[in-house]
Amino acid sequence: MFNRTQLIGNWHRSEKTGEESFSEFAQLFADGSFVFTFYTYNIDGTLLEEISEQGDWGLVGDIHFTITKAEIVNKQQYPADLEDEDNYQVYQISQLKDDSFTYQHILTGETFTLSRVQPSTN
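Per the numbering used here: the sequence shown = residues -1 to 120.
So this is what it looks like as structure tokens:
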């Protein structure tokens, strides 16, 4: 259905939730590893929280999965509890284009759309 090379790269999504806004920056690497960084801002744009997750990802047909192996909070890395089922996530991809992809969490039904971000040349 989809080719895993289509997902390799940098992706972003943002949403506003009441008094806060949320942003996710996802990096999917060719070796099957990922880094997801989540930012939470208050209404005036002040950064409230930054958390990163690291782990492995894959794609089989239209099924995208992640296994979180570590979390980074305040620049300190903590190993993930690999016995915790919340560190294993499975999604069904409904749309995958060069510039965006949409996927739905298998259990919760939540749908997410991310847009491709070109890496900085700095």
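For glycine and all other residues, C-beta sits at the position ideal for the given N, C-alpha and C.
Rounded straight-line distance, which links the Cα of Tyr86 to that of Ser31: 14 Å
Simplified DSSP assignment, three categories, for Asp155: Because the chain spans -1 through 120 in this model, residue 155 falls outside it and cannot be assessed.
Neighbourhood of Val71 by C-beta, 7 Å cutoff - its chain only, sequence neighbours within 5 removed: Ile49
Touch test, the region 54 to 74 against the region 15 to 22, Cβ-Cβ under 8 Å, three pairs minimum: no
Burial state of Ala24, where buried means 16 or more other Cβ atoms lie within 10 Å: buried
Contact under 8 Å by Cβ, Leu45 with Tyr37: yes
Cβ neighbour criterion (16 or more within 10 Å) applied to Leu80: exposed
Own chain residues within Cβ distance below 6 Å of Glu51, not counting five before or after: Phe34, Thr66, Glu69
Strand pairing of Thr54, partner residues [DSSP]: Just to set this straight, residue 54 is Asp in the shown sequence, not Thr. Ser31, Ile65.
Coil, strand or helix - Gln75 by DSSP: strand
Cβ neighbour criterion (16 or more within 10 Å) applied to Leu5: buried
Assigned secondary structure, Gln90 (DSSP; H/G/I helix, E/B strand, else coil): strand
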